[in-house]
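Structure, as structure tokens:
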Amino acid sequence: MMMRTKAWALPAALLLISILLVGTVEARGKRVRQIPNGGNGGCNSCHTSGGGSALNAFGVEIVNGFLDANGDVIWGADLAAFDSDGDGASNGLELGDPEGLWVVGDENPENPFNPGDLQSTPPLREPEPTAVEVSNWAQVKALISQ
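Numbered according to the numbering used here, the sequence shown spans residues -9 to 136.
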């Protein structure tokens, strides 16, 4: 005995699958606009070789602690301060927003790098020497004797 299916069952199932797939792609695609310069790096800001590939270090950081209940990226001082890829430059420095002050709708900062790619690193500045580092003993004695 052969079961008869309703004529609408197959089209309804296909429609449901399509809606689910489109919603998933759109939900993740929106994240590109939720980090400074995300449009410049595209999906590679968080993935190793485009959307759908494995997450890079920055993408893992976001998924593990910087998504809100809607799946949106929480960009701010905390995420900007991390150095996800371990290259010596913070995520914020690499994306052009070291303090994490950028918000969706702001213009993108200049000179972006990829915070999830160890090979994409901005030139790091040497810290300015302190007064102690540039002083010599004769200068210290002269200050004391005044």
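The beta-carbon is built from N, C-alpha and C at its ideal position, and this holds for glycine as well.
I think L114 touches A79, with their Cβ atoms under 8 Å apart; what is that distance to the nearest whole Å? 6 Å
In chain order, what residues of the same chain lie with their CB nearer than 7 Å to the CB of L45, ignoring the 5 residues before and after it? Same-chain partners within the cutoff: C36, H37 and V53.
Just the Cα atoms here: how many angstroms apart are D68 and W127? 42 Å
Do Q24 and V63 come within 9 Å of each other at the CB atom, strictly closer than that value? yes
Would you check if the distance between the CB atom of A47 and the CB atom of D75 is smaller than 9 Å? In contact: A47 and D75 (Cβ atoms closer than 9 Å).
Which residues DSSP lists as bridging L57, in chain order: V63
Taking a contact to mean a Cβ-Cβ separation below 9 Å, would you say N81 touches D73 in this structure? yes
Distance check for P99 and E89, CA to CA, integer angstroms please. 12 Å
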